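Note that the numbering used here numbers the sequence shown so that position 61 is 61, with each residue one more than the last.
Each residue gets a CB set at the ideal place from its N, CA and C atoms; glycine is no exception.
Remember, predicted model here, so these are calculated numbers, not experimental data.
These notes are about the structure you will find just below.
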Amino acid sequence: MAALLLAASRPAALLQPSSSCRRDVVASLVGCSSLLLPAAAVGYDSVESAMASQFAAAEAARSQREQRAFETRRSFELKVRALQGARTADEFVAASDSLALELIRLQAIPEGTSLQSVVGGIRATYNLLPKVRIECEGRRECFNHGSAVENAYTALLRELRRYASKSAYAQSGGYELPNTPFSF
């Protein structure tokens, strides 16, 4: 480095036609560069190893995030399957309350979950439940699934709508709520 500064401070020496002067300058530059190369190689190795360790740490953190996301989605899907497997009113009420509590605990619909298939499965299960006769005015016969089932179904859909809109807002980057109507 000092040779570079010395050579740069003597521009007239570079312009002289004497070959001995040019040889001195070239020799000093070569000597200077040979001194810098091993230090640069050592510095590069340390930077490379630091980058490799940072990459390994980032890769481990990504793997842990993916594992947690998988476990969250798996527990949510197990609750949905339990609800879809309900055949009586009591099973449906217990499973829908469990799914609603899971949504409240997670504060979001897990990423990678198809909301339309979840709601479709819930509706199919709801429609397959036995209907009971109720008192109504002005009609001959009125049927529904019972007040407990109706309340559980309504509360579950309300929670699904709430967290579906929060998920849509989060996916938009927090700038605006996307114009996506929820049809359930």
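Check	Outcome
Pair within 9 Å by beta-carbon distance, Ala148 and Val93	yes
Exposure of Phe76, with buried meaning 16 or more beta-carbon neighbours within 10 Å	buried
Beta-carbon spacing of Ala86, Ala95 below 9 Å	yes
Cβ contact (3+ pairs, closer than 8 Å) linking the region 155 to 163 and the region 106 to 124	yes
Same chain, Cβ closer than 7 Å to Leu129, five either side skipped, listed in chain order	Ala89, Phe92, His145 and Val149
Strand pairing of Cys142, partner residues [DSSP]	Ile134
Nearest-angstrom beta carbon gap, Ala69 and Glu111 [assumed within contact, 8 Å]	6 Å
Completely contained alpha helix (DSSP H) runs for the region 56 to 127, where each covers 4 or more residues	89 to 106
Leu129, DSSP secondary structure in three states	coil
Distance CB(Thr113)-CB(Arg62) smaller than 9 Å	no
Backbone CA spacing between Ala57 and Gln67 [nearest angstrom]	15 Å
Distance between Arg65 and Ala50 (C-alpha atoms, nearest Å)	23 Å
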